[in-house]
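Residue 416 in this note's numbering sits at position 342 of the sequence shown, and the numbers go up by one each step. For glycine and all other residues, C-beta sits at the position ideal for the given N, C-alpha and C.
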Amino acid sequence: MQQVWIPRIGRPDVLEVREVDTPTPAAGEVRVAVAAAGVNFADLMARQGLYPDAPPLPAVVGYEVAGTIDAVGAGVSPSRVGERVVAMTRFGGYSAAVCLPSDRAVALPDGVDLRVAAGVPVVFLTAWMLCEVMGRVRPGDRVLVHSAGGGVGLAALDLLRWRGATAIGTASAAKHPALLARGYARLIDYTTTDFATALADEEGFDLILDPVGGASWEKGLGLLRAGGRLAVFGMSSNAVGDRRNPLAVARNLWAVPWRQMSPLGLIDHNRGVLGVNMGHLWHEGPRVTGWLTELLALWASGVLRPTLDAAFPFSRAHEAHQRLHDRGNLGKVVLVPDARWNETP
(Lines of atoms letter the chains of each structure in order from A and count residues from 1; the text may use other names and numbers.)
(Lines give C-alpha, C1' and ligand atoms only; values in the text may rest on other atoms or scores of the structure.)
Protein backbone atom coordinates (compact mmCIF):
# COMPACT_ATOMS: atom_id res chain seq x y z
CA MET A 1 0.00 0.00 0.00
CA GLN A 2 0.97 3.66 -0.38
CA GLN A 3 2.17 5.99 2.38
CA VAL A 4 3.40 9.58 2.25
CA TRP A 5 6.64 9.97 4.21
CA ILE A 6 8.58 12.92 5.57
CA PRO A 7 12.14 11.63 5.09
CA ARG A 8 13.88 14.72 6.47
CA ILE A 9 13.28 18.35 7.42
CA GLY A 10 12.71 20.48 4.37
CA ARG A 11 10.37 22.15 1.90
CA PRO A 12 7.15 20.48 0.72
CA ASP A 13 8.97 18.75 -2.12
CA VAL A 14 10.82 16.49 0.35
CA LEU A 15 7.60 14.48 0.79
CA GLU A 16 7.83 11.10 -0.89
CA VAL A 17 5.46 8.20 -1.56
CA ARG A 18 6.60 4.74 -0.49
CA GLU A 19 5.10 1.27 -0.88
CA VAL A 20 4.83 -0.74 2.35
CA ASP A 21 3.02 -3.87 3.47
CA THR A 22 -0.66 -3.47 4.31
CA PRO A 23 -1.10 -3.81 8.09
CA THR A 24 -3.14 -6.52 9.80
CA PRO A 25 -5.47 -5.48 12.63
CA ALA A 26 -4.54 -6.76 16.09
CA ALA A 27 -7.05 -7.89 18.69
CA GLY A 28 -9.58 -5.15 19.37
CA GLU A 29 -8.65 -3.24 16.21
CA VAL A 30 -10.24 -2.49 12.87
CA ARG A 31 -8.49 -1.76 9.60
CA VAL A 32 -9.76 1.20 7.60
CA ALA A 33 -9.25 1.37 3.85
CA VAL A 34 -8.54 5.07 3.67
CA ALA A 35 -10.53 7.12 1.18
CA ALA A 36 -8.92 10.38 2.30
CA ALA A 37 -6.62 11.74 5.02
CA GLY A 38 -6.84 15.27 6.39
CA VAL A 39 -3.90 17.66 6.16
CA ASN A 40 -3.32 19.93 9.16
CA PHE A 41 -0.92 22.74 9.97
CA ALA A 42 0.79 20.49 12.51
CA ASP A 43 1.85 18.24 9.62
CA LEU A 44 3.60 21.18 7.96
CA MET A 45 5.36 22.11 11.18
CA ALA A 46 6.48 18.49 11.63
CA ARG A 47 8.04 18.60 8.16
CA GLN A 48 9.82 21.85 9.09
CA GLY A 49 11.14 20.43 12.35
CA LEU A 50 8.97 22.82 14.38
CA TYR A 51 6.51 20.36 15.96
CA PRO A 52 7.86 18.93 19.22
CA ASP A 53 5.29 16.10 19.38
CA ALA A 54 6.11 14.73 15.92
CA PRO A 55 7.73 11.30 15.70
CA PRO A 56 11.42 11.18 14.75
CA LEU A 57 12.03 11.46 11.03
CA PRO A 58 11.67 9.66 8.71
CA ALA A 59 8.00 9.37 9.62
CA VAL A 60 4.42 9.23 8.39
CA VAL A 61 2.18 11.92 9.87
CA GLY A 62 -1.55 12.53 9.62
CA TYR A 63 -4.12 12.82 12.41
CA GLU A 64 -7.40 11.96 10.68
CA VAL A 65 -8.86 9.66 8.07
CA ALA A 66 -12.17 8.60 6.59
CA GLY A 67 -12.85 5.35 4.79
CA THR A 68 -14.38 1.90 5.04
CA ILE A 69 -13.58 -0.86 7.52
CA ASP A 70 -12.28 -3.80 5.48
CA ALA A 71 -10.94 -6.10 8.21
CA VAL A 72 -11.29 -6.60 11.97
CA GLY A 73 -9.13 -8.16 14.65
CA ALA A 74 -10.10 -10.72 17.27
CA GLY A 75 -12.86 -9.54 19.57
CA VAL A 76 -14.41 -7.14 17.07
CA SER A 77 -17.74 -8.00 15.45
CA PRO A 78 -17.35 -9.00 11.78
CA SER A 79 -20.51 -6.98 11.14
CA ARG A 80 -18.36 -3.84 11.20
CA VAL A 81 -16.72 -4.80 7.89
CA GLY A 82 -18.12 -2.47 5.23
CA GLU A 83 -18.91 0.32 7.74
CA ARG A 84 -18.04 3.84 6.57
CA VAL A 85 -16.17 5.59 9.37
CA VAL A 86 -14.11 8.58 10.38
CA ALA A 87 -11.27 8.34 12.88
CA MET A 88 -8.36 10.16 14.47
CA THR A 89 -4.93 8.56 14.26
CA ARG A 90 -1.88 9.31 16.35
CA PHE A 91 0.21 9.94 13.24
CA GLY A 92 0.28 7.50 10.35
CA GLY A 93 -2.83 8.88 8.68
CA TYR A 94 -1.10 9.53 5.35
CA SER A 95 -1.63 5.86 4.48
CA ALA A 96 -3.84 3.82 2.18
CA ALA A 97 -4.87 1.71 5.19
CA VAL A 98 -4.63 2.21 8.95
CA CYS A 99 -5.31 -0.02 11.95
CA LEU A 100 -6.72 1.48 15.14
CA PRO A 101 -8.77 0.52 18.21
CA SER A 102 -12.31 -0.26 17.14
CA ASP A 103 -13.86 2.35 19.45
CA ARG A 104 -11.88 5.11 17.72
CA ALA A 105 -13.61 4.44 14.37
CA VAL A 106 -16.92 6.33 14.45
CA ALA A 107 -19.72 5.49 12.02
CA LEU A 108 -20.60 8.26 9.57
CA PRO A 109 -24.06 9.57 8.73
CA ASP A 110 -25.51 8.03 5.57
CA GLY A 111 -24.54 9.56 2.28
CA VAL A 112 -21.72 11.84 3.39
CA ASP A 113 -18.73 12.46 1.13
CA LEU A 114 -15.71 10.60 2.55
CA ARG A 115 -13.28 13.29 1.39
CA VAL A 116 -15.26 15.93 3.25
CA ALA A 117 -15.53 13.65 6.29
CA ALA A 118 -11.74 13.19 6.43
CA GLY A 119 -11.39 16.88 7.22
CA VAL A 120 -13.87 16.87 10.10
CA PRO A 121 -12.19 15.40 13.22
CA VAL A 122 -9.24 17.70 13.94
CA VAL A 123 -10.77 21.07 13.09
CA PHE A 124 -14.24 20.44 14.48
CA LEU A 125 -12.96 18.81 17.67
CA THR A 126 -10.55 21.72 18.11
CA ALA A 127 -13.39 24.18 17.57
CA TRP A 128 -15.56 22.19 20.00
CA MET A 129 -12.86 22.42 22.67
CA LEU A 130 -12.36 26.14 22.01
CA CYS A 131 -16.02 27.17 21.89
CA GLU A 132 -17.93 24.60 23.93
CA VAL A 133 -15.69 22.81 26.43
CA MET A 134 -13.39 25.69 27.38
CA GLY A 135 -14.71 28.89 25.81
CA ARG A 136 -18.30 28.35 27.02
CA VAL A 137 -19.79 30.55 24.30
CA ARG A 138 -23.25 31.91 25.03
CA PRO A 139 -25.85 33.92 23.05
CA GLY A 140 -24.73 37.50 22.44
CA ASP A 141 -21.02 36.84 22.97
CA ARG A 142 -18.55 38.71 20.76
CA VAL A 143 -15.87 36.41 19.40
CA LEU A 144 -12.77 37.25 17.35
CA VAL A 145 -11.49 34.39 15.18
CA HIS A 146 -8.03 34.55 13.63
CA SER A 147 -7.36 32.54 10.46
CA ALA A 148 -11.09 32.73 9.84
CA GLY A 149 -10.86 31.00 6.46
CA GLY A 150 -8.97 27.96 7.73
CA GLY A 151 -10.51 24.70 8.82
CA VAL A 152 -10.83 25.66 12.49
CA GLY A 153 -12.05 29.15 11.63
CA LEU A 154 -14.95 27.78 9.57
CA ALA A 155 -15.75 25.05 12.09
CA ALA A 156 -15.79 27.60 14.91
CA LEU A 157 -18.10 29.85 12.88
CA ASP A 158 -20.68 27.08 12.64
CA LEU A 159 -20.60 26.55 16.41
CA LEU A 160 -20.70 30.28 17.13
CA ARG A 161 -23.74 30.77 14.90
CA TRP A 162 -25.40 27.78 16.59
CA ARG A 163 -24.87 29.43 19.98
CA GLY A 164 -26.06 32.85 18.84
CA ALA A 165 -22.68 34.59 19.11
CA THR A 166 -21.32 37.33 16.85
CA ALA A 167 -18.16 36.31 14.96
CA ILE A 168 -15.57 38.74 13.63
CA GLY A 169 -12.65 37.26 11.71
CA THR A 170 -9.22 38.04 10.31
CA ALA A 171 -8.37 36.74 6.85
CA SER A 172 -6.81 37.90 3.59
CA ALA A 173 -9.08 40.11 1.48
CA ALA A 174 -9.63 37.49 -1.22
CA LYS A 175 -11.51 35.33 1.27
CA HIS A 176 -13.80 38.06 2.63
CA PRO A 177 -16.78 37.64 0.27
CA ALA A 178 -17.05 33.91 0.91
CA LEU A 179 -16.60 34.32 4.68
CA LEU A 180 -19.22 37.06 4.90
CA ALA A 181 -21.61 34.82 2.98
CA ARG A 182 -20.87 32.01 5.46
CA GLY A 183 -21.87 34.18 8.43
CA TYR A 184 -18.99 36.30 9.70
CA ALA A 185 -20.31 39.70 10.78
CA ARG A 186 -17.09 41.48 9.78
CA LEU A 187 -13.66 40.65 8.36
CA ILE A 188 -10.32 42.37 8.83
CA ASP A 189 -7.56 41.94 6.25
CA TYR A 190 -4.59 41.01 8.43
CA THR A 191 -2.18 41.53 5.51
CA THR A 192 -2.87 45.28 5.36
CA THR A 193 -4.51 46.19 8.70
CA ASP A 194 -3.46 45.76 12.31
CA PHE A 195 -6.46 44.07 13.90
CA ALA A 196 -5.80 45.55 17.34
CA THR A 197 -5.81 49.08 15.92
CA ALA A 198 -8.97 48.43 13.89
CA LEU A 199 -10.85 47.11 16.94
CA ALA A 200 -9.36 49.30 19.68
CA ASP A 201 -12.35 51.65 20.05
CA GLU A 202 -15.03 48.97 19.90
CA GLU A 203 -16.71 46.89 22.57
CA GLY A 204 -14.40 44.24 24.03
CA PHE A 205 -14.50 40.55 23.19
CA ASP A 206 -15.75 37.66 25.29
CA LEU A 207 -13.53 35.17 23.46
CA ILE A 208 -10.63 35.34 21.02
CA LEU A 209 -9.45 32.25 19.10
CA ASP A 210 -5.78 32.66 18.19
CA PRO A 211 -3.52 30.09 16.48
CA VAL A 212 -0.97 32.76 15.48
CA GLY A 213 1.02 33.35 18.66
CA GLY A 214 3.74 35.83 19.50
CA ALA A 215 2.71 39.48 19.40
CA SER A 216 -0.83 38.50 18.34
CA TRP A 217 -1.48 37.14 21.83
CA GLU A 218 -0.50 40.41 23.49
CA LYS A 219 -2.76 42.38 21.16
CA GLY A 220 -5.61 39.98 21.83
CA LEU A 221 -5.33 40.32 25.60
CA GLY A 222 -5.78 44.06 25.18
CA LEU A 223 -9.08 43.55 23.33
CA LEU A 224 -10.77 41.38 25.96
CA ARG A 225 -13.56 42.72 28.13
CA ALA A 226 -13.74 41.77 31.82
CA GLY A 227 -14.36 38.04 31.95
CA GLY A 228 -12.97 37.56 28.44
CA ARG A 229 -10.84 34.59 27.43
CA LEU A 230 -7.95 34.27 24.99
CA ALA A 231 -7.97 30.73 23.59
CA VAL A 232 -4.69 29.72 21.96
CA PHE A 233 -4.28 26.60 19.83
CA GLY A 234 -1.02 26.91 17.96
CA MET A 235 1.78 29.22 16.93
CA SER A 236 1.56 29.44 13.16
CA SER A 237 3.73 32.57 13.14
CA ASN A 238 6.69 30.22 13.66
CA ALA A 239 6.11 28.74 10.19
CA VAL A 240 7.35 31.62 8.04
CA GLY A 241 7.52 30.54 4.40
CA ASP A 242 7.96 26.85 3.68
CA ARG A 243 11.20 26.15 5.52
CA ARG A 244 12.51 26.31 9.07
CA ASN A 245 13.39 29.81 10.27
CA PRO A 246 15.03 29.75 13.75
CA LEU A 247 15.14 33.56 13.88
CA ALA A 248 11.35 33.77 13.41
CA VAL A 249 10.81 31.20 16.17
CA ALA A 250 13.03 33.11 18.59
CA ARG A 251 11.36 36.41 17.71
CA ASN A 252 7.88 35.00 18.30
CA LEU A 253 8.81 33.43 21.62
CA TRP A 254 10.27 36.76 22.74
CA ALA A 255 7.01 38.49 21.77
CA VAL A 256 4.83 36.23 23.92
CA PRO A 257 3.38 38.39 26.78
CA TRP A 258 4.59 36.08 29.54
CA ARG A 259 3.92 38.53 32.38
CA GLN A 260 0.40 39.39 31.23
CA MET A 261 -0.41 35.70 30.89
CA SER A 262 0.84 34.88 34.37
CA PRO A 263 -1.70 34.13 37.14
CA LEU A 264 -1.22 37.57 38.72
CA GLY A 265 -1.59 39.34 35.37
CA LEU A 266 -4.82 37.47 34.68
CA ILE A 267 -6.21 38.23 38.15
CA ASP A 268 -5.48 41.93 37.77
CA HIS A 269 -7.49 42.16 34.53
CA ASN A 270 -10.27 39.60 35.16
CA ARG A 271 -9.44 37.59 32.07
CA GLY A 272 -8.36 34.08 31.21
CA VAL A 273 -6.03 32.25 28.85
CA LEU A 274 -7.00 28.81 27.55
CA GLY A 275 -4.89 26.34 25.61
CA VAL A 276 -6.03 23.57 23.25
CA ASN A 277 -3.90 20.81 21.70
CA MET A 278 -5.89 17.89 20.27
CA GLY A 279 -2.68 15.90 19.95
CA HIS A 280 -2.50 15.72 23.75
CA LEU A 281 -5.94 14.17 24.22
CA TRP A 282 -5.17 10.57 23.25
CA HIS A 283 -5.67 9.46 26.86
CA GLU A 284 -9.23 10.85 26.68
CA GLY A 285 -10.37 8.40 24.00
CA PRO A 286 -13.99 7.79 25.08
CA ARG A 287 -14.53 11.49 25.77
CA VAL A 288 -13.15 12.58 22.40
CA THR A 289 -15.17 9.89 20.62
CA GLY A 290 -18.28 11.17 22.39
CA TRP A 291 -17.61 14.72 21.20
CA LEU A 292 -17.03 13.50 17.66
CA THR A 293 -20.32 11.60 17.76
CA GLU A 294 -22.09 14.80 18.84
CA LEU A 295 -20.43 16.73 16.03
CA LEU A 296 -21.46 14.17 13.43
CA ALA A 297 -25.06 14.45 14.66
CA LEU A 298 -24.86 18.24 14.28
CA TRP A 299 -23.52 17.74 10.75
CA ALA A 300 -26.39 15.39 9.92
CA SER A 301 -28.88 17.98 11.23
CA GLY A 302 -27.39 20.75 9.09
CA VAL A 303 -25.86 22.81 11.92
CA LEU A 304 -22.30 22.12 10.80
CA ARG A 305 -21.12 22.71 7.25
CA PRO A 306 -17.75 21.03 6.73
CA THR A 307 -15.92 22.65 3.84
CA LEU A 308 -13.51 20.85 1.53
CA ASP A 309 -11.12 23.29 -0.09
CA ALA A 310 -9.10 20.85 -2.20
CA ALA A 311 -8.10 17.21 -2.55
CA PHE A 312 -4.74 15.99 -3.85
CA PRO A 313 -3.53 12.46 -4.63
CA PHE A 314 -0.73 11.10 -2.47
CA SER A 315 1.70 11.63 -5.36
CA ARG A 316 1.01 15.39 -5.17
CA ALA A 317 1.18 15.69 -1.40
CA HIS A 318 3.73 18.48 -1.75
CA GLU A 319 1.07 20.62 -3.45
CA ALA A 320 -1.29 20.08 -0.52
CA HIS A 321 1.36 21.26 1.94
CA GLN A 322 2.22 24.24 -0.23
CA ARG A 323 -1.43 25.31 -0.36
CA LEU A 324 -1.54 25.52 3.43
CA HIS A 325 1.82 27.30 3.56
CA ASP A 326 0.48 29.91 1.13
CA ARG A 327 -2.70 30.35 3.24
CA GLY A 328 -4.59 29.72 0.02
CA ASN A 329 -7.15 27.32 1.44
CA LEU A 330 -10.72 28.13 2.39
CA GLY A 331 -11.56 25.09 4.49
CA LYS A 332 -9.82 21.72 4.60
CA VAL A 333 -7.24 20.10 2.34
CA VAL A 334 -7.11 16.30 2.11
CA LEU A 335 -4.93 13.62 0.52
CA VAL A 336 -6.31 10.66 -1.44
CA PRO A 337 -4.43 7.41 -2.15
CA ASP A 338 -3.53 7.37 -5.85
CA ALA A 339 -5.43 4.13 -6.41
CA ARG A 340 -8.64 5.77 -5.16
CA TRP A 341 -8.22 9.12 -6.89
CA ASN A 342 -10.87 8.45 -9.57
CA GLU A 343 -13.42 6.95 -7.17
CA THR A 344 -16.64 8.68 -6.19
CA PRO A 345 -16.03 9.51 -2.48
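With the cut-off set at 9 Å, would you say residue i and residue j are in Cβ contact?
i           : j           : result
residue 117 : residue 395 : yes
residue 280 : residue 261 : no
residue 200 : residue 218 : no
residue 169 : residue 111 : yes
residue 350 : residue 204 : yes
residue 45  : residue 268 : Absent from the model: residue 45. The displayed extent of the chain is 75 to 419, so no value can be given.
residue 345 : residue 283 : no
residue 160 : residue 145 : no
residue 228 : residue 381 : yes
residue 106 : residue 143 : yes
When we look at the beta-carbon of residue i and count the other beta-carbons within 10 Å, is it buried (16 or more) or exposed?
i           : result
residue 266 : exposed
residue 341 : exposed
residue 149 : exposed
residue 128 : buried
residue 193 : buried
residue 190 : buried
residue 78  : buried
residue 103 : buried
residue 232 : buried
residue 221 : buried
residue 132 : exposed
residue 240 : buried
Distance check for residue j and residue i, CA to CA, integer angstroms please.
i           : j           : result
residue 368 : residue 375 : 11 Å
residue 332 : residue 287 : 12 Å
residue 324 : residue 366 : 36 Å
residue 383 : residue 114 : 13 Å
residue 212 : residue 237 : 6 Å
residue 326 : residue 320 : 10 Å
residue 276 : residue 216 : 11 Å
residue 138 : residue 289 : 31 Å
residue 405 : residue 83  : 26 Å
residue 408 : residue 387 : 9 Å
residue 271 : residue 397 : 29 Å
residue 336 : residue 301 : 16 Å
residue 399 : residue 86  : 9 Å
Opposite residue i in the DSSP bridges: which residues?
i           : result
residue 138 : 162
residue 386 : 409
residue 79  : 90
residue 145 : 105
residue 347 : 304
residue 371 : Bridge partners of residue 371: none, in fact.
Query - Runs of alpha helix (DSSP H) wholly within the region 99-127 (minimum 4 residues, chain order) - result: 115-121
Query raised in the report: Unbroken alpha helix (DSSP H) runs of length 4 or more, entirely within the region 153-192: which are they?
Result: 188-192
Report task. Only counting runs of 3 or more residues, tell me where the beta strand (DSSP E) segments fall wholly within the region 265-343, in order along the chain. Result -> 279-284 and 298-306
Query raised in the report: Unbroken alpha helix (DSSP H) runs of length 4 or more, entirely within the region 211-261: which are they?
Result: 225-237 and 250-256
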